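A.B. asks: Quick note: the sequence shown, position 28, residue 28 per the UniProt record's numbering, numbers continuous. The beta-carbon is built from N, C-alpha and C at its ideal position, and this holds for glycine as well. Since we're looking at a predicted model, the values are computed, not measured. Okay, handing you the structure first.
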Amino acid sequence: MRCFCISDDPDVLTGMRLAGIDGAEASTKREVDRAVSRACADGGVAVLIVTERCYQLSRERLDELKLSSARPLVNVVSDSRSSGSGSDSIMRLINEAIGIKF
Numbered sequence: 001m002r003c004f005c006i007s008d009d010p011d012v013l014t015g016m017r018l019a020g021i022d023g024a025e026a027s028t029k030r031e032v033d034r035a036v037s038r039a040c041a042d043g044g045v046a047v048l049i050v051t052e053r054c055y056q057l058s059r060e061r062l063d064e065l066k067l068s069s070a071r072p073l074v075n076v077v078s079d080s081r082s083s084g085s086g087s088d089s090i091m092r093l094i095n096e097a098i099g100i101k102f
């Protein structure tokens, strides 16, 4: 089973490729939908990693995929340009894990 990444950020794709994860660059809703279709059609893709901006472009489709499909598992991540102030920020998760509350 493999992972597949959809991102509008070339830095994220480069990092994922260095980790052995294939992916597609998408900056429009149509491109995101095509990449999602490509990942779903590939029976070997178990995890679909999507950056926040791409998720926002095709939220309805990705939410439907999350709720109705066993494969692939959809995981939304921050990109390298993200401010980190989102509700799912890595810093917030780390702070909570070590007991720091703001």
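(1) Quick check: the Cα distance between Gly20 and Arg59, rounded to an integer number of angstroms?
(2) On the three-state DSSP scale, how would you describe Thr14?
(3) Is it the case that the Cβ atoms of Val74 and Leu62 are separated by a distance below 8 Å?
(4) Output needed for Met1: all residues of its chain with C-beta closer than 7 Å, excluding positions within five of it in sequence on either side, in chain order.
(5) Using a Cβ-Cβ cutoff of less than 8 Å, which residues in the same chain neighbour Pro72 once the five nearest sequence positions on both sides are dropped?
(6) What is the DSSP secondary structure of Ser7, counted as helix, strand or coil?
(7) So who's on the other strand from Leu73, going by DSSP bridges?
C.D. replies: In terms of the structure at hand:
(1) If I take the Cα positions, the gap works out to 26 Å.
(2) helix
(3) yes
(4) Gly44, Ala46
(5) Phe4, Ala39, Cys40, Val45, Ala46, Val47, Leu48, Leu65
(6) strand
(7) Val47
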